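Q: Protein sequence lines, in the order shown, are assigned to chains A, B, C and D.
Numbered by the working numbering, the letters in the first sequence go through residues 462 to 607 in order.
Numbered by the working numbering, the letters in the second sequence go through residues 462 to 607 in order.
Numbered by the working numbering, the letters in the third sequence go through residues 462 to 607 in order.
Numbered by the working numbering, the letters in the fourth sequence go through residues 462 to 607 in order.
Cβ atoms here follow ideal geometry from the backbone N, Cα and C, with glycine treated the same way.
Given the structure is predicted, the values throughout are model-derived calculations rather than measurements.
After the structure tokens below, expect a handful of questions from me.
There are 4 protein chains.
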Amino acid sequence: MACEFKFTRQVEFSDTDMAGIMHFSNFFRFMETTEHAFFRSLGFSIHTTGSDETLGWPRVHADCNFKHPLRFEDVVEISLLVREKSEKGIVYTFIFRKLNDHPPKEVARGTLGVVCVKRDKADGKMTGVPIPRAIADKIEVAPCEI
Amino acid sequence: MACEFKFTRQVEFSDTDMAGIMHFSNFFRFMETTEHAFFRSLGFSIHTTGSDETLGWPRVHADCNFKHPLRFEDVVEISLLVREKSEKGIVYTFIFRKLNDHPPKEVARGTLGVVCVKRDKADGKMTGVPIPRAIADKIEVAPCEI
Amino acid sequence: MACEFKFTRQVEFSDTDMAGIMHFSNFFRFMETTEHAFFRSLGFSIHTTGSDETLGWPRVHADCNFKHPLRFEDVVEISLLVREKSEKGIVYTFIFRKLNDHPPKEVARGTLGVVCVKRDKADGKMTGVPIPRAIADKIEVAPCEI
Amino acid sequence: MACEFKFTRQVEFSDTDMAGIMHFSNFFRFMETTEHAFFRSLGFSIHTTGSDETLGWPRVHADCNFKHPLRFEDVVEISLLVREKSEKGIVYTFIFRKLNDHPPKEVARGTLGVVCVKRDKADGKMTGVPIPRAIADKIEVAPCEI
Chain A
462 MACEFKFTRQ VEFSDTDMAG IMHFSNFFRF METTEHAFFR SLGFSIHTTG SDETLGWPRV
522 HADCNFKHPL RFEDVVEISL LVREKSEKGI VYTFIFRKLN DHPPKEVARG TLGVVCVKRD
582 KADGKMTGVP IPRAIADKIE VAPCEI
Chain B
462 MACEFKFTRQ VEFSDTDMAG IMHFSNFFRF METTEHAFFR SLGFSIHTTG SDETLGWPRV
522 HADCNFKHPL RFEDVVEISL LVREKSEKGI VYTFIFRKLN DHPPKEVARG TLGVVCVKRD
582 KADGKMTGVP IPRAIADKIE VAPCEI
Chain C
462 MACEFKFTRQ VEFSDTDMAG IMHFSNFFRF METTEHAFFR SLGFSIHTTG SDETLGWPRV
522 HADCNFKHPL RFEDVVEISL LVREKSEKGI VYTFIFRKLN DHPPKEVARG TLGVVCVKRD
582 KADGKMTGVP IPRAIADKIE VAPCEI
Chain D
462 MACEFKFTRQ VEFSDTDMAG IMHFSNFFRF METTEHAFFR SLGFSIHTTG SDETLGWPRV
522 HADCNFKHPL RFEDVVEISL LVREKSEKGI VYTFIFRKLN DHPPKEVARG TLGVVCVKRD
582 KADGKMTGVP IPRAIADKIE VAPCEI
């Protein structure tokens, strides 16, 4: 079972803003990208399409505390930790470390709370459902503080 | 029948990059937003959903020539002109004018070529279709150079 | 003195994702855009450039709780409320209401915590500074719950 | 001397739109990211900061022809080819191939025309300058059609 995952990424020009730093909204995109890579590492896609329905994971909560900026071409390692797992949802913590500082420096820390839904293909409506057993069985709450 | 349309927008902080100017990819977002406002002005939505199919307008061509940069809080007027209309597609020209310069200055000029498709809800596949009559009847090629 | 501000915006195609709803990261962009419109309503720009330094407002905290999705062409009113004002920072609450539901429905609620900094033009380093008097004098903590 | 470069990337959830495909504006972001990786492969950064000035490469032209859509988690290889090199600018062609099709399929092809500028730190004004010799010497026009 998996409770931690690391993903590395380089800050791109289009991630920056006129203050010369990565725009804060992109930390949330990076969290999500890490979550999806975590799912792939378990053998799943975050977006599963059946004949009439699609399984999805809308966000119900997101937060981030920003300690230091990231700049163009910085290399950032994002650690995902599973904080909570319930019947219908998961809470993840994400820790951002700038790897091109020596030693690597924590620059931000955030949270995503997600729920599992079925999305009706005809009208797009989303209904909360239990996390599929095959997925739930592979995800474990991280045992300790980091 | 309509062949020209104007839309005004203000450059936002998240539209800028570390060079202090609007990131060039956002000119394409602004063109599309203007196209969609044009459709609304005709009484349509660009995205029409039926029971089994969705009508969509994927882009087959996009270009832009950039003459002057746009900066944070600049107010830009985007003029849409219908350049070509065929059975299955439309070509638009877009002219960007910075209104907070006196006189307003053309800063960029671009093109979108779009085709009308039906998107199957079950598998997402897109198939080219004739532009619905109700829409085609309301759109006219702009008569002259601007 | 101002403690509340409303800004209205329409969800664009490029704001959506393959789940058919506005991507959650864009709620944060919308909060920031509302903050900047609030500043303009007070007669200021969020981004003030002097000869050697630039005044900026980096985010130190951001959060959002998502109750209902927003979809393409939804019209959303974003209410900004000043929650806290200290010597060097401001905390805002943002309430998102979907105006094309009758009655308008609250779809999300979020927070931005920002600090005032001077950014050195030569090396880009940011240093926390007191909020300029002219700005601080115009901003007031909202008196009551909403 | 270098005239060709390949960069591989996976389509992310936030790159998609409600049509279920990568939003067309992101093809332009991917071109730019490839250009910057090309520069790093030569030992340079696209963004060079001196004491009073910054060297930059604003885009004067961008275009793209879209043949097939890209979807979430598609793996795309972007080939950069130097098409033209003049005293002050470079024109690149980019070819997008979807690697998870067998055989890989060309899905899009685009162009960026860029010019070298010095950006004054005090007022942000950009002035065209010759490409620095150290950079120009390492870049060669691709010899043949691909």
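Check for me: the beta strand (DSSP E) holding Ser540 of chain A runs from which residue to which?
A: 536-546
Q: Counting pairs of beta carbons, one from the segment 478-490 of chain D and one from the segment 516-536 of chain B, are three or more of them closer than 8 Å?
A: yes
Q: Quick check: the Cα distance between His497 of chain C and Glu548 of chain B, rounded to an integer number of angstroms?
A: 44 Å
Q: Three or more beta-carbon pairs under 8 Å between the segment 462-473 of chain C and the segment 464-476 of chain D, yes or no?
A: Touching, no, given that fewer than three Cβ pairs across the two stretches are closer than 8 Å.
Q: With 8 Å set as the bound, which would you pick, yes or no: does the beta-carbon of Arg490 of chain A sit closer than that to a beta-carbon of chain D?
A: yes
Q: Counting only beta-carbon atoms, is Phe474 of chain A nearer than 8 Å to chain B?
A: yes
Q: Do you know how far the Cα of Phe527 of chain D is from the Cα of Ile592 of chain B?
A: 19 Å
Q: Cβ atoms of Arg580 of chain A and Thr509 of chain A: under 8 Å apart, would you say?
A: no
Q: If you drop the 5 nearest sequence neighbours on each side, which residues of the same chain put their C-beta closer than 7 Å to that of Phe505 of chain A?
A: Ile596
Q: Would you give the residue range spanned by the alpha helix (DSSP H) that Thr572 of chain B belongs to?
A: Run containing Thr572 of chain B: none in the alpha helix (DSSP H); it sits in the beta strand (DSSP E), 566-576.
Q: Evaluate the contact criterion for the segment 564-573 of chain D versus the segment 581-590 of chain D: three or more CB pairs, one atom per stretch, below 8 Å.
A: no
Q: For Thr515 of chain D, which residues does DSSP report across the bridge?
A: D:Thr510, D:Arg580
Q: Hey, does Gly589 of chain C have any beta-carbon neighbour from chain A nearer than 8 Å?
A: So, not an interface residue.
Q: What does DSSP give as the partner residues of Lys467 of chain C in its beta bridges?
A: Looking at the DSSP assignment, Lys467 of chain C forms a beta bridge with C:Ser540.
Q: Taking C-beta pairs closer than 9 Å, name the residues in chain D that Phe533 of chain A reaches, listed in chain order.
A: His497, Ser506, Ile507, His508
Q: Our contact map puts Phe454 of chain A next to Asp478 of chain B with C-beta atoms below 8 Å; I'd like the distance itself, whole angstroms only.
A: Outside the modelled stretch of chain A, which goes from 462 to 607, sits residue 454 of chain A, for which no answer is possible.
Q: Is the separation between the beta-carbon of Val575 of chain A and that of Ile551 of chain A shorter than 8 Å?
A: yes
Q: For Ser502 of chain A, would you say it is in contact with chain B, using Cβ-to-Cβ distances shorter than 8 Å as the test?
A: Chain B, which has no Cβ nearer than 8 Å to the Cβ of Ser502 of chain A, makes this no.
Q: When you compare the CB of Ser547 of chain B with every CB in chain D, is at least one pair closer than 8 Å?
A: no
Q: Give, in chain order, every residue of the segment 538-567 of chain C whose Cβ lies closer than 8 Å to some Cβ of chain A.
A: none
Q: With DSSP as the reference, label Ala498 of chain D as helix, strand or coil.
A: Correct three-state label for Ala498 of chain D: helix.
Q: If distances are taken between C-alpha atoms only, which option among D:Arg501, D:Ala603, D:Phe555, D:Asp476 comes closest to Arg532 of chain D?
A: D:Asp476
Q: Strictly below 7 Å CB to CB, what residues from chain A border Thr494 of chain D?
A: Glu473
Q: Shortest alpha-carbon distance to Asp598 of chain B belongs to which of B:Val537, B:Lys559, B:Leu503?
A: B:Leu503
Q: Go ahead and pull the three-state DSSP assignment for Ala523 of chain D.
A: strand
Q: Leaving aside the five residues before and after Val543 of chain A along the sequence, list all residues of the same chain whose C-beta is less than 7 Å from its C-beta, in chain order.
A: For Val543 of chain A, where only same-chain residues beyond five positions count, the Cβ hits under 7 Å are Cys464, Ile551, Tyr553, Ile600, Glu601, Val602, Ala603.
Q: Should Met569 of chain D go down as buried or exposed, given a rule of 16 or more other Cβ atoms within 10 Å for buried?
A: The question names Met, but residue 569 of chain D in the sequence shown is Ala. Buried is the call here.
Q: Hey, quick one: how far does the alpha helix (DSSP H) through Arg594 of chain D stretch, first residue to last?
A: From DSSP, the alpha helix (DSSP H) with Arg594 of chain D extends over 594-597.
Q: List, in order along the chain, the chain D residues whose C-beta lies closer than 7 Å to that of His529 of chain C?
A: Near His529 of chain C there are no residues of chain D at all, since even the closest Cβ is about 16 Å away, more than 7 Å.
Q: Does the beta-carbon of Glu493 of chain B have 16 or more other beta-carbons within 10 angstroms, so that it is buried, or is it exposed?
A: buried
Q: Flag this pair as yes or no: are the beta carbons of Asp524 of chain B and Thr572 of chain B separated by less than 8 Å?
A: For the 8 Å CB-CB criterion, Asp524 of chain B and Thr572 of chain B form a contact.
Q: Following the continuous beta strand (DSSP E) through Gly585 of chain D, name the residue where it begins and the one where it ends.
A: Annotation: Gly585 of chain D is outside any beta strand (DSSP E) and is labelled neither H nor E by DSSP.
Q: Do Glu538 of chain C and Leu560 of chain C have their CB atoms nearer than 8 Å?
A: yes
Q: For Asp598 of chain D, which residues in chain C fall below 8 Å Cβ to Cβ?
A: Against chain C, a Cβ distance below 8 Å from Asp598 of chain D picks out nothing, because the smallest value is about 29 Å.
Q: Whose Cβ in chain C lies nearer than 8 Å to the Cβ of Gly481 of chain D?
A: Within chain C, the residues near Gly481 of chain D are Met479.
Q: In terms of residue numbering, what span does the beta strand (DSSP E) encompassing Val552 of chain D cover?
A: In this chain, the beta strand (DSSP E) harbouring Val552 of chain D covers 550-559.
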